[in-house]
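K.L.:
I am attaching a structure below and will ask some questions about it afterwards.
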Amino acid sequence: MASLMQTLVTLSLLSLFVCYVHGQLSSTFYAGTCPNLQQIVRSTMAQAVNKEPRMAASILRLFFHDCFVNGCDASILLDDTATFTGEKNAFPNRNSARGYEVIDTIKSNVEAACQATVSCADILALAARDGVALLGGPKWRVQLGRRDATTASQSDANSNLPGPSSSLANLISSFAAKGLSARDMTALSGAHTIGQARCTTFRSHIYSDADVDPSFAALSQQNCPSAGGDDNNWLRWTFRRRIGSTTSTTRNWWPRRGCCTRTRSSSTMAPRTPW
Numbered sequence: 001m002a003s004l005m006q007t008l009v010t011l012s013l014l015s016l017f018v019c020y021v022h023g024q025l026s027s028t029f030y031a032g033t034c035p036n037l038q039q040i041v042r043s044t045m046a047q048a049v050n051k052e053p054r055m056a057a058s059i060l061r062l063f064f065h066d067c068f069v070n071g072c073d074a075s076i077l078l079d080d081t082a083t084f085t086g087e088k089n090a091f092p093n094r095n096s097a098r099g100y101e102v103i104d105t106i107k108s109n110v111e112a113a114c115q116a117t118v119s120c121a122d123i124l125a126l127a128a129r130d131g132v133a134l135l136g137g138p139k140w141r142v143q144l145g146r147r148d149a150t151t152a153s154q155s156d157a158n159s160n161l162p163g164p165s166s167s168l169a170n171l172i173s174s175f176a177a178k179g180l181s182a183r184d185m186t187a188l189s190g191a192h193t194i195g196q197a198r199c200t201t202f203r204s205h206i207y208s209d210a211d212v213d214p215s216f217a218a219l220s221q222q223n224c225p226s227a228g229g230d231d232n233n234w235l236r237w238t239f240r241r242r243i244g245s246t247t248s249t250t251r252n253w254w255p256r257r258g259c260c261t262r263t264r265s266s267s268t269m270a271p272r273t274p275w
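For the sequence shown, position 58 (counting from the first letter as 1) is numbered 58 according to the UniProt record's numbering, and the numbering increases by one without interruption.
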């Protein structure tokens with residue numbers, strides 16, 4: 001089962017990260033112009049993840065939030081300008097999207113070896129893949145040749161990115177709009193095997209929803225009081241050095257032990273997305 005789940009995760013990641021770009025992509029796009037690219041990205045990511053394992057989850061989330069808004073074009077990395085308000089301070093990213101400095105470091109290292117050659121979009125794609133692999137997750141061949149965005153839209157980020165309280169129906173619809181199936185959605189949600197969540201995103205779930213495991217709710221409530229606590233208190237997900245596959249995430253959903261949405265804790269997901 002684990003190997004099957006890893007394969008499905010890999011295929012779903014590939015479908016997400018390839019279908020939002022135009023033009024001819026190739027895993028050997030920089031073979032002649034920046035032959036050490038992947039080694040540079042991998043070694044820099046290894047340093048970042050060794051320093052803070054959570055960074056792998058942060059970079060993966062950064063990549064997903066980039067791809068889900070007008071494609072994998074690094075628009076999430078753009079600061080606001082006089083002509084546009086970008087994605088960094090959109091509600092789903094404000095005070096939560098992180099890892100920008102890691103991408104900046106990778107970009108600087110790549111520029112030192114191959115000046116003005118590699119797009120930030122490709123760097124982010126490689127960094128996300130390597131972060132997953134460094135924690136023991138699946139590894140896939142990244143198709144390269146993306147072009148960087150020159151503009152970004154806060155409103156597009158607000159309207160495209162799924163929220164923590166999204167229903168199952170809304171999530172399926174949101175992913176379908178990107179050409180992804182319910183099965184793809186379930187596999188991609190395996191990213192929630194690692195990382196942390198802020199109290200403000202799951203407080204109502206652990207105190208108000210009936211569809212949550214009582215022991216899981218009690219454990220979560222220790223760090224997230226119903227009132228008077230800090231909205232920014234963190235709940236650590238199933239954080240391991242080795243994430244393995246989405247199997248643990250799916251098993252957490254089925255017994256109602258997901259933290260962030262009714263969808264992620266609901267046993268009704270199992271029959272809707274059969275493996």
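Glycine residues also receive a C-beta, built at the ideal position from the N, C-alpha and C atoms. Please read these numbers as outputs of a predicted model, since none were measured by experiment.
Between 92, 34, 97, which lies nearest to residue 57 when the distance is taken from Cα to Cα?
P.N.:
Walking along the sequence shown from the start, residue 57 turns up at place 57. Selected option, being the one with the closest Cα: 97.
K.L.:
Taking a contact to mean a Cβ-Cβ separation below 8 Å, would you say residue 72 touches residue 66 in this structure?
P.N.:
Here residue 72 refers to the residue found at position 72 of the sequence shown. Here residue 66 refers to the residue found at position 66 of the sequence shown. Against a cut-off of 8 Å, the Cβ pair of residue 66 and residue 72 comes out as a contact.
K.L.:
Looking at C-beta atoms only, is the number of pairs between the segment 171-178 and the segment 80-91 that lie closer than 8 Å three or more?
P.N.:
no
K.L.:
Is the number of C-beta pairs between the segment 122-137 and the segment 155-165 that are closer than 8 Å three or more?
P.N.:
no
K.L.:
Can you tell me whether residue 189 is buried or exposed? The criterion is at least 16 other CB atoms within 10 Å of its CB, across all chains shown.
P.N.:
Within the sequence shown, the letter at position 189 stands for residue 189. Buried.
K.L.:
Using C-beta distances below 7 Å, list every residue in its chain close to residue 142, excluding the 5 sequence neighbours before and after it, in chain order.
P.N.:
Position 142 of the sequence shown, counting from 1, holds the residue named residue 142. So the qualifying residues of the chain are 27, 125, 126, 129.
K.L.:
Out of 83, 199, 182, 108, which has the shortest C-alpha to C-alpha gap to residue 150?
P.N.:
For the purposes of this step, residue 150 is taken as residue 150 along the sequence shown, with counting starting at 1. For residue 150, the nearest C-alpha among the options comes from 83.
K.L.:
Note down, one range per segment and in chain order, each beta strand (DSSP E) of at least 3 residues found wholly within the segment 80-138.
P.N.:
Within the segment 80-138, no complete beta strand (DSSP E) run reaches 3 residues.
K.L.:
Going by other Cβ atoms of all chains shown within 10 Å of its Cβ, with 16 needed for buried, is residue 171 buried or exposed?
P.N.:
As a position in the sequence shown, residue 171 is number 171, starting the count at 1. When all chains shown are included, residue 171 counts as buried.
K.L.:
Which residues bound the alpha helix (DSSP H) around residue 49?
P.N.:
Residue numbering aside, residue 49 sits at position 49 when the sequence shown is read from its first letter. 37-51 is the extent of the alpha helix (DSSP H) around residue 49.
K.L.:
By Cβ distance below 7 Å, which residues in the same chain neighbour residue 21 in space, the five residues on each side in sequence not counted?
P.N.:
For the purposes of this step, residue 21 is taken as residue 21 along the sequence shown, with counting starting at 1. Because residue 21 carries a pLDDT of 47, less than 50, the predicted location of this residue cannot be relied on, and no value is offered for it.
K.L.:
Can you tell me whether residue 47 is buried or exposed? The criterion is at least 16 other CB atoms within 10 Å of its CB, across all chains shown.
P.N.:
To locate residue 47, count along the sequence shown from 1; it is residue 47. Answer is exposed; the Cβ neighbour count stays below 16.
K.L.:
With burial defined as no fewer than 16 other Cβ atoms inside 10 Å of the residue's Cβ, what is the status of residue 154: buried or exposed?
P.N.:
Along the sequence shown, read from residue 1 onward, the residue named residue 154 stands at position 154. It counts as buried.
K.L.:
For residue 152, which of 101, 68, 200 has the nearest alpha-carbon?
P.N.:
Taking the first residue of the sequence shown as 1, we reach residue 152 at position 152. Cα-wise, what sits closest to residue 152 is 68.
K.L.:
Residue 144 by DSSP, collapsed to three states: which one?
P.N.:
Numbered from its first residue, the sequence shown carries residue 144 at position 144. Strand at residue 144.
K.L.:
Beta-carbon within less than 6 Å of residue 109's beta-carbon, same chain only, minus the 5 sequence neighbours each way: which residues are those?
P.N.:
On the sequence shown, residue 109 is found 109 positions in, with the first residue counted as 1. For residue 109, where only same-chain residues beyond five positions count, the Cβ hits under 6 Å are 40, 44.
K.L.:
Give the C-beta separation of residue 74 and residue 148 to the nearest angstrom, bearing in mind that I take them to be a contact with Cβ-Cβ under 8 Å.
P.N.:
Here the question's residue 74 lines up with position 74 in the sequence shown. Here the question's residue 148 lines up with position 148 in the sequence shown. With a Cβ gap of about 5 Å, residue 74 and residue 148 count as contacting.
K.L.:
Quickly, what does DSSP pair residue 26 with across the bridge? List them, please.
P.N.:
Residue numbering aside, residue 26 sits at position 26 when the sequence shown is read from its first letter. Per DSSP, 144.
K.L.:
Between residue 113 and the rest of its own chain, which residues show a CB-CB distance below 7 Å, the 5 nearest in sequence each way excluded?
P.N.:
As a working mapping, residue 113 is identified with position 113 in the sequence shown. By the criterion of a C-beta distance shorter than 7 Å, residue 113 is surrounded in its chain by 34, 36, 40, once the five residues flanking it on both sides are discounted.
K.L.:
Are residue 62 and residue 76 closer than 8 Å when you measure CB to CB?
P.N.:
Position 62 of the sequence shown holds residue 62. Position 76 of the sequence shown holds residue 76. In contact: residue 62 and residue 76 (Cβ atoms closer than 8 Å).
K.L.:
What's the C-alpha gap between residue 182 and residue 139?
P.N.:
Position 182 of the sequence shown, counted from the first residue, corresponds to residue 182. Position 139 of the sequence shown, counted from the first residue, corresponds to residue 139. Whole-angstrom Cα-Cα distance: 22 Å.
K.L.:
Taking the alpha-carbon positions, what's the residue 245 to residue 186 distance?
P.N.:
To locate residue 245, count along the sequence shown from 1; it is residue 245. To locate residue 186, count along the sequence shown from 1; it is residue 186. Here the model assigns residue 245 a pLDDT of 43, short of 50, so the residue's position is not dependable, and the following value carries that caveat. When rounded, the distance between both Cα atoms is 12 Å.
K.L.:
CB-CB under 8 Å to residue 221, same chain, minus the five flanking residues each way: which ones, in chain order?
P.N.:
Working through the sequence shown from its first residue, we reach residue 221 at position 221. 206, 207.
K.L.:
Buried or exposed, going by whether 16 or more other CB atoms sit within 10 Å of the CB of residue 217?
P.N.:
Along the sequence shown, read from residue 1 onward, the residue named residue 217 stands at position 217. It is buried - the Cβ of residue 217 has at least 16 other Cβ atoms within 10 Å.
K.L.:
Since residue 118 contacts residue 30 with CB under 8 Å, what's their CB separation in whole angstroms?
P.N.:
Residue numbering aside, residue 118 sits at position 118 when the sequence shown is read from its first letter. Residue numbering aside, residue 30 sits at position 30 when the sequence shown is read from its first letter. Yes, they are in contact, since the Cβ atoms of residue 118 and residue 30 sit about 6 Å apart, within 8 Å.
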